[in-house]
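Numbering (the working numbering), first residue to last: 4 to 280.
What follows is the structure in C-alpha coordinates.
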(Lines of atoms letter the chains of each structure in order from A and count residues from 1; the text may use other names and numbers.)
(Lines give C-alpha, C1' and ligand atoms only; values in the text may rest on other atoms or scores of the structure.)
Protein backbone atom coordinates (compact mmCIF):
# COMPACT_ATOMS: atom_id res chain seq x y z
CA UNK A 1 0.00 0.00 0.00
CA UNK A 2 1.42 3.41 -1.00
CA UNK A 3 1.66 6.50 1.21
CA UNK A 4 -1.00 8.13 -0.94
CA UNK A 5 -3.41 5.26 -0.28
CA UNK A 6 -2.83 5.49 3.48
CA UNK A 7 -3.35 9.26 3.44
CA UNK A 8 0.28 10.13 4.29
CA UNK A 9 1.53 13.52 3.07
CA UNK A 10 4.98 15.06 3.32
CA UNK A 11 4.29 18.47 4.88
CA UNK A 12 6.69 21.25 3.90
CA UNK A 13 6.47 24.65 5.59
CA UNK A 14 8.03 27.74 4.03
CA UNK A 15 8.49 31.38 4.93
CA UNK A 16 7.21 34.18 2.66
CA UNK A 17 9.55 34.92 -0.23
CA UNK A 18 10.85 31.35 -0.46
CA UNK A 19 9.68 29.64 -3.66
CA UNK A 20 9.52 25.83 -3.26
CA UNK A 21 7.96 25.18 -6.68
CA UNK A 22 11.15 23.79 -8.29
CA UNK A 23 11.77 21.30 -5.49
CA UNK A 24 8.10 20.38 -5.38
CA UNK A 25 8.24 19.47 -9.08
CA UNK A 26 11.24 17.19 -8.57
CA UNK A 27 9.53 15.59 -5.57
CA UNK A 28 6.47 14.76 -7.68
CA UNK A 29 8.73 13.00 -10.23
CA UNK A 30 10.80 11.01 -7.74
CA UNK A 31 8.23 10.23 -5.04
CA UNK A 32 4.95 10.11 -6.98
CA UNK A 33 3.18 8.04 -4.32
CA UNK A 34 3.54 10.69 -1.60
CA UNK A 35 1.79 14.05 -2.04
CA UNK A 36 3.73 17.15 -0.99
CA UNK A 37 1.68 19.45 1.21
CA UNK A 38 2.93 23.06 1.13
CA UNK A 39 2.27 25.17 4.24
CA UNK A 40 2.96 28.92 4.00
CA UNK A 41 3.49 30.53 7.41
CA UNK A 42 5.17 33.72 8.69
CA UNK A 43 8.93 33.36 8.98
CA UNK A 44 8.79 33.59 12.77
CA UNK A 45 6.32 30.68 13.00
CA UNK A 46 8.14 28.02 10.94
CA UNK A 47 10.28 26.78 13.85
CA UNK A 48 7.30 26.50 16.20
CA UNK A 49 5.38 24.57 13.54
CA UNK A 50 8.26 22.11 13.11
CA UNK A 51 8.65 21.51 16.83
CA UNK A 52 4.92 21.01 17.25
CA UNK A 53 4.77 18.36 14.53
CA UNK A 54 2.79 20.52 12.13
CA UNK A 55 5.35 20.02 9.34
CA UNK A 56 7.98 17.42 8.46
CA UNK A 57 10.49 20.00 7.21
CA UNK A 58 10.53 23.69 6.45
CA UNK A 59 12.38 26.57 4.80
CA UNK A 60 13.41 29.09 7.45
CA UNK A 61 15.24 32.40 7.52
CA UNK A 62 18.34 32.37 9.71
CA UNK A 63 19.14 33.00 12.47
CA UNK A 64 16.78 30.73 14.42
CA UNK A 65 16.87 28.86 17.72
CA UNK A 66 18.35 25.52 16.63
CA UNK A 67 17.74 23.35 19.68
CA UNK A 68 16.39 19.99 18.52
CA UNK A 69 16.59 20.98 14.85
CA UNK A 70 18.90 19.98 12.02
CA UNK A 71 19.66 22.86 9.66
CA UNK A 72 21.16 23.02 6.16
CA UNK A 73 21.95 26.59 4.97
CA UNK A 74 21.02 26.98 1.29
CA UNK A 75 21.54 30.51 -0.05
CA UNK A 76 21.87 34.17 0.92
CA UNK A 77 19.59 36.88 -0.43
CA UNK A 78 20.47 40.43 -1.42
CA UNK A 79 18.89 43.13 0.76
CA UNK A 80 17.09 45.93 -1.08
CA UNK A 81 15.38 49.18 -0.13
CA UNK A 82 11.83 49.59 -1.45
CA UNK A 83 11.11 53.17 -2.54
CA UNK A 84 8.64 55.16 -4.67
CA UNK A 85 9.71 55.34 -8.32
CA UNK A 86 10.44 59.07 -8.06
CA UNK A 87 12.72 58.75 -5.01
CA UNK A 88 16.25 60.16 -5.24
CA UNK A 89 17.97 56.79 -4.69
CA UNK A 90 16.57 55.48 -7.98
CA UNK A 91 19.23 57.53 -9.79
CA UNK A 92 21.83 54.95 -8.66
CA UNK A 93 22.10 51.24 -9.44
CA UNK A 94 22.84 50.46 -5.78
CA UNK A 95 23.05 52.38 -2.51
CA UNK A 96 24.57 52.19 0.97
CA UNK A 97 23.01 52.55 4.40
CA UNK A 98 24.47 56.06 4.62
CA UNK A 99 22.50 57.11 1.54
CA UNK A 100 19.28 56.56 3.53
CA UNK A 101 20.28 58.68 6.53
CA UNK A 102 17.65 61.38 5.92
CA UNK A 103 14.72 59.02 5.24
CA UNK A 104 12.22 57.48 7.61
CA UNK A 105 12.65 53.71 7.51
CA UNK A 106 9.93 51.29 8.61
CA UNK A 107 10.73 48.26 10.73
CA UNK A 108 7.83 45.79 10.42
CA UNK A 109 7.16 43.42 13.30
CA UNK A 110 7.96 40.45 11.02
CA UNK A 111 11.31 41.91 9.96
CA UNK A 112 13.68 39.05 9.01
CA UNK A 113 16.91 41.08 8.85
CA UNK A 114 19.33 40.76 11.76
CA UNK A 115 20.40 44.33 12.51
CA UNK A 116 23.41 43.97 14.80
CA UNK A 117 24.47 47.55 14.04
CA UNK A 118 22.34 50.69 14.06
CA UNK A 119 19.44 50.69 11.64
CA UNK A 120 19.57 53.00 8.63
CA UNK A 121 17.70 56.29 8.43
CA UNK A 122 15.36 57.74 11.04
CA UNK A 123 12.85 55.49 12.86
CA UNK A 124 9.39 55.70 11.30
CA UNK A 125 6.41 56.89 13.32
CA UNK A 126 5.05 53.33 13.69
CA UNK A 127 5.98 49.66 13.32
CA UNK A 128 3.72 48.00 10.76
CA UNK A 129 2.52 44.49 11.71
CA UNK A 130 3.81 42.89 8.50
CA UNK A 131 6.14 43.57 5.59
CA UNK A 132 3.10 43.82 3.31
CA UNK A 133 1.73 46.61 5.53
CA UNK A 134 5.08 48.42 5.46
CA UNK A 135 5.20 48.32 1.66
CA UNK A 136 1.72 49.82 1.48
CA UNK A 137 2.95 52.70 3.66
CA UNK A 138 5.95 53.15 1.35
CA UNK A 139 3.53 53.47 -1.58
CA UNK A 140 1.75 56.20 0.39
CA UNK A 141 5.02 58.15 0.50
CA UNK A 142 5.51 58.00 4.28
CA UNK A 143 8.84 56.16 4.42
CA UNK A 144 11.06 53.36 3.11
CA UNK A 145 11.60 49.72 4.06
CA UNK A 146 14.54 47.30 3.71
CA UNK A 147 13.72 43.68 2.92
CA UNK A 148 15.23 40.60 1.21
CA UNK A 149 14.88 40.89 -2.56
CA UNK A 150 12.42 37.97 -2.75
CA UNK A 151 9.99 39.85 -0.48
CA UNK A 152 10.26 42.96 -2.64
CA UNK A 153 9.30 40.81 -5.63
CA UNK A 154 6.53 39.08 -3.70
CA UNK A 155 4.90 42.43 -2.83
CA UNK A 156 5.66 44.09 -6.17
CA UNK A 157 3.70 47.22 -7.05
CA UNK A 158 3.80 49.28 -10.24
CA UNK A 159 4.33 52.52 -8.31
CA UNK A 160 7.34 51.19 -6.37
CA UNK A 161 10.84 49.99 -7.20
CA UNK A 162 13.88 48.85 -5.24
CA UNK A 163 17.66 49.13 -5.15
CA UNK A 164 20.30 46.82 -3.59
CA UNK A 165 21.84 48.07 -0.32
CA UNK A 166 25.43 46.88 -0.44
CA UNK A 167 26.32 47.13 3.27
CA UNK A 168 23.04 46.01 4.85
CA UNK A 169 22.70 42.64 6.64
CA UNK A 170 21.44 39.81 4.45
CA UNK A 171 18.90 37.05 4.94
CA UNK A 172 20.03 33.43 4.67
CA UNK A 173 17.50 30.74 3.76
CA UNK A 174 17.92 27.22 5.17
CA UNK A 175 16.14 23.87 5.31
CA UNK A 176 15.30 22.71 8.85
CA UNK A 177 13.61 19.66 10.37
CA UNK A 178 13.36 18.00 13.81
CA UNK A 179 16.51 15.95 14.35
CA UNK A 180 14.64 13.12 16.08
CA UNK A 181 12.26 12.83 13.10
CA UNK A 182 14.78 12.38 10.29
CA UNK A 183 12.61 9.96 8.34
CA UNK A 184 13.21 8.36 4.95
CA UNK A 185 10.96 11.00 3.39
CA UNK A 186 13.01 13.77 4.99
CA UNK A 187 16.15 12.16 3.55
CA UNK A 188 14.47 12.08 0.14
CA UNK A 189 13.74 15.80 0.32
CA UNK A 190 17.24 16.63 1.57
CA UNK A 191 18.65 14.85 -1.49
CA UNK A 192 16.41 16.88 -3.80
CA UNK A 193 17.33 20.21 -2.19
CA UNK A 194 21.03 19.38 -2.31
CA UNK A 195 20.79 18.54 -5.99
CA UNK A 196 21.51 14.83 -5.76
CA UNK A 197 20.48 12.75 -8.74
CA UNK A 198 18.00 9.89 -8.52
CA UNK A 199 20.96 7.46 -8.77
CA UNK A 200 22.91 9.06 -5.92
CA UNK A 201 24.41 6.54 -3.52
CA UNK A 202 22.96 8.54 -0.61
CA UNK A 203 19.50 8.79 -2.12
CA UNK A 204 16.66 6.32 -1.79
CA UNK A 205 15.63 6.21 -5.44
CA UNK A 206 14.81 2.85 -6.96
CA UNK A 207 16.71 3.49 -10.18
CA UNK A 208 19.15 0.84 -11.43
CA UNK A 209 22.51 1.19 -9.64
CA UNK A 210 25.59 2.11 -11.68
CA UNK A 211 27.23 -0.85 -13.43
CA UNK A 212 30.51 -2.20 -12.13
CA UNK A 213 33.61 -1.39 -14.20
CA UNK A 214 34.11 -5.06 -15.05
CA UNK A 215 30.62 -5.31 -16.45
CA UNK A 216 31.12 -2.15 -18.48
CA UNK A 217 34.40 -3.51 -19.90
CA UNK A 218 32.70 -6.76 -20.83
CA UNK A 219 29.93 -4.88 -22.58
CA UNK A 220 32.43 -2.74 -24.48
CA UNK A 221 34.29 -5.86 -25.58
CA UNK A 222 31.04 -7.46 -26.71
CA UNK A 223 30.18 -4.37 -28.72
CA UNK A 224 33.51 -4.34 -30.63
CA UNK A 225 33.14 -5.50 -34.25
CA UNK A 226 34.62 -8.96 -34.87
CA UNK A 227 37.59 -9.13 -37.24
CA UNK A 228 37.00 -10.93 -40.49
CA UNK A 229 39.11 -14.11 -40.83
CA UNK A 230 41.83 -14.18 -43.46
CA UNK A 231 40.36 -15.51 -46.69
CA UNK A 232 41.83 -18.80 -47.83
CA UNK A 233 42.65 -19.12 -51.52
CA UNK A 234 39.78 -20.58 -53.49
CA UNK A 235 40.04 -23.85 -55.44
CA UNK A 236 39.97 -21.88 -58.66
CA UNK A 237 42.92 -19.71 -57.58
CA UNK A 238 44.85 -22.82 -56.51
CA UNK A 239 44.24 -24.46 -59.88
CA UNK A 240 45.37 -21.33 -61.71
CA UNK A 241 48.59 -21.18 -59.67
CA UNK A 242 49.26 -24.88 -60.31
CA UNK A 243 48.71 -24.42 -64.07
CA UNK A 244 51.11 -21.47 -64.13
CA UNK A 245 53.80 -23.48 -62.35
CA UNK A 246 53.36 -26.40 -64.77
CA UNK A 247 53.56 -24.03 -67.77
CA UNK A 248 56.81 -22.50 -66.47
CA UNK A 249 58.23 -25.96 -65.83
CA UNK A 250 57.22 -27.11 -69.34
CA UNK A 251 58.89 -24.07 -70.91
CA UNK A 252 62.08 -24.74 -68.99
CA UNK A 253 62.12 -28.43 -69.99
CA UNK A 254 61.55 -27.60 -73.65
CA UNK A 255 64.49 -25.23 -73.67
CA UNK A 256 66.78 -27.79 -72.12
CA UNK A 257 65.71 -30.46 -74.66
CA UNK A 258 66.36 -28.06 -77.54
CA UNK A 259 69.82 -27.32 -76.28
CA UNK A 260 70.64 -31.00 -75.81
CA UNK A 261 69.31 -31.74 -79.29
CA UNK A 262 71.60 -29.14 -80.82
CA UNK A 263 74.65 -30.50 -79.00
CA UNK A 264 73.80 -34.04 -80.11
CA UNK A 265 73.69 -33.08 -83.82
CA UNK A 266 76.98 -31.27 -83.65
CA UNK A 267 78.57 -34.21 -81.90
CA UNK A 268 77.38 -36.73 -84.44
CA UNK A 269 78.64 -34.56 -87.31
CA UNK A 270 82.11 -34.42 -85.75
CA UNK A 271 82.34 -38.14 -85.43
CA UNK A 272 81.29 -38.65 -89.03
CA UNK A 273 83.98 -36.26 -90.19
CA UNK A 274 86.67 -38.10 -88.30
CA UNK A 275 85.59 -41.44 -89.78
CA UNK A 276 85.72 -40.13 -93.40
CA UNK A 277 89.38 -39.28 -93.00
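Where is the CB? At the ideal position from N, CA and C, for every residue including glycine.
This structure is a prediction, so every number in the text was calculated from the model and none was measured.
Residues near residue 16 in its chain [Cβ-Cβ closer than 6 angstroms; skip 5 each side]: Locating residue 16 in the chain shown gives position 13, where the first residue counts as 1. Result list for residue 16: 42, 44, 49, 52, 58, 61, in chain order.
- prompt: For residue 12, does the three-state DSSP call read helix, strand or coil?
  reply: Taking the first residue of the chain shown as position 1, residue 12 is located at position 9. Annotated three-state conformation of residue 12 is coil, per DSSP.
- request: Quick one: give me the first and last residue of the beta strand (DSSP E) that residue 109 is part of.
  value: Sequence index remark: in the chain shown, residue 109 carries index 106 (1-based). Per DSSP, residue 109 belongs to the beta strand (DSSP E) from 107-109.
query: Residue range of the beta strand (DSSP E) that residue 61 falls in?
result: Residue mapping note: residue 61 aligns to position 58 of the chain shown, counting from 1. That run of the beta strand (DSSP E) goes 60-65.
message: Going by C-alpha to C-alpha distance, which of 81, 80, 65, 82 sits closest to residue 287?
response: Coverage of the chain is limited to positions 4 through 280, which leaves residue 287 absent and any answer about it impossible.
query: Is residue 149 helix, strand or coil by DSSP?
result: The residue labelled residue 149 in the question sits at position 146 within the chain shown. Annotated three-state conformation of residue 149 is strand, per DSSP.
- prompt: The beta strand (DSSP E) spanning residue 141 covers which residue range?
  reply: The residue you call residue 141 lines up with position 138 of the chain shown. Counted as a single uninterrupted DSSP element, the stretch harbouring residue 141 is not any beta strand (DSSP E) but the alpha helix (DSSP H) occupying residues 134-142.
field: Spatial neighbours of residue 86 in its chain, beta-carbon cut-off 8 angstroms, leaving aside the 5 residues before and after
entry: Working through the chain shown from its first residue, we reach residue 86 at position 83. So the list reads 92, 93, 141, 147, 163, 164, 165, 166, once near-sequence residues are dropped.
query: Taking residue 108 as the reference, which of 96, 97, 83 has the closest Cα?
result: For this step, residue 108 is matched to residue 105 along the chain shown. That would be 83, whose Cα lies nearest to the Cα of residue 108.
- prompt: Taking buried to mean at least 16 other C-beta atoms within 10 Å of its own C-beta, is residue 159 buried or exposed?
  reply: Residue mapping note: residue 159 aligns to position 156 of the chain shown, counting from 1. Result: exposed.
- prompt: Between the beta-carbon of residue 169 and the beta-carbon of residue 71, is there less than 8 angstroms?
  reply: Residue mapping note: residue 169 aligns to position 166 of the chain shown, counting from 1. Residue mapping note: residue 71 aligns to position 68 of the chain shown, counting from 1. No, the Cβ-Cβ distance between residue 169 and residue 71 is not below 8 angstroms.
Close beta carbons around residue 11, own chain, < 7 angstroms, minus the five adjacent residues each side: On the chain shown, position 8 is the one that residue 11 refers to. Closer than 7 angstroms at Cβ, skipping near neighbours: 37.
message: I need the DSSP call for residue 259, collapsed to helix, strand or coil.
response: As a working mapping, residue 259 is identified with position 256 in the chain shown. No answer about residue 259 holds up, because its pLDDT of 49 lies below 50 and its placement is not dependable.
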